[in-house]
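For reference, the structure is listed below as structure tokens.
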Amino acid sequence: GQELLEELLQIIDDKLKKERKRGILSNHGKRLRYMTTLLGDITFYKRLYQDRGGKYLYLLDEKLGFTKNQRVSKAYQKIEGLLGMEIYSIFWYI
């Protein structure tokens, strides 16, 4: 379950990268993140972006409602729902 959740977060982050507003948000690489979930401890990378005003943000955090430096998943139910949607969409195209 932990590996599946880590992979799902990577898929979502990759999708957000493709959908971001180019020219408005510039990609500043990936940052390692640790989180404790109901499935156990997970490790994943998320992309850091900078907007034209100089503000840094993580699109993955915004999408899933993570707070800065959050170590325990309050958004587990949201991730679980997204997991169901992502798995459905992956198998839909197979």
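Read in order, the letters of the sequence shown are residues 1 to 94 in my numbering.
Ideal placement from N, C-alpha and C gives every residue a C-beta, glycine not left out.
Bear in mind the structure is a predicted one, so any value in this text is a computation, not a measurement.
Nonlocal neighbours in the same chain, by C-beta distance under 6 Å from Tyr34, ignoring five residues either side: Position 34 of the sequence shown, counted from the first residue, corresponds to residue 34. Excluding residues within five positions, the ones whose Cβ falls inside 6 Å are Thr43.
How is Ile42 classed by DSSP in three states: helix, strand or coil? As a working mapping, residue 42 is identified with position 42 in the sequence shown. If DSSP states are grouped into helix, strand and coil, Ile42 belongs with the strands.
For Tyr56, does the count of other Cβ atoms within 10 angstroms reach 16, so buried, or fall short, so exposed? The residue labelled residue 56 in the question sits at position 56 within the sequence shown. Exposed: under 16 other Cβ atoms inside 10 Å.
Quick check: Lys46 and Asp14, are their CB atoms within less than 7 Å of each other? The residue given as residue 46 occupies position 46 in the sequence shown. The residue given as residue 14 occupies position 14 in the sequence shown. The answer is no: Cβ separation not under 7 Å.
Could you check where the beta strand (DSSP E) with Lys30 kicks off and where it finishes? Translated into the one-based positions of the sequence shown, residue 30 becomes position 30. First-last of the beta strand (DSSP E) with Lys30: 25-37.
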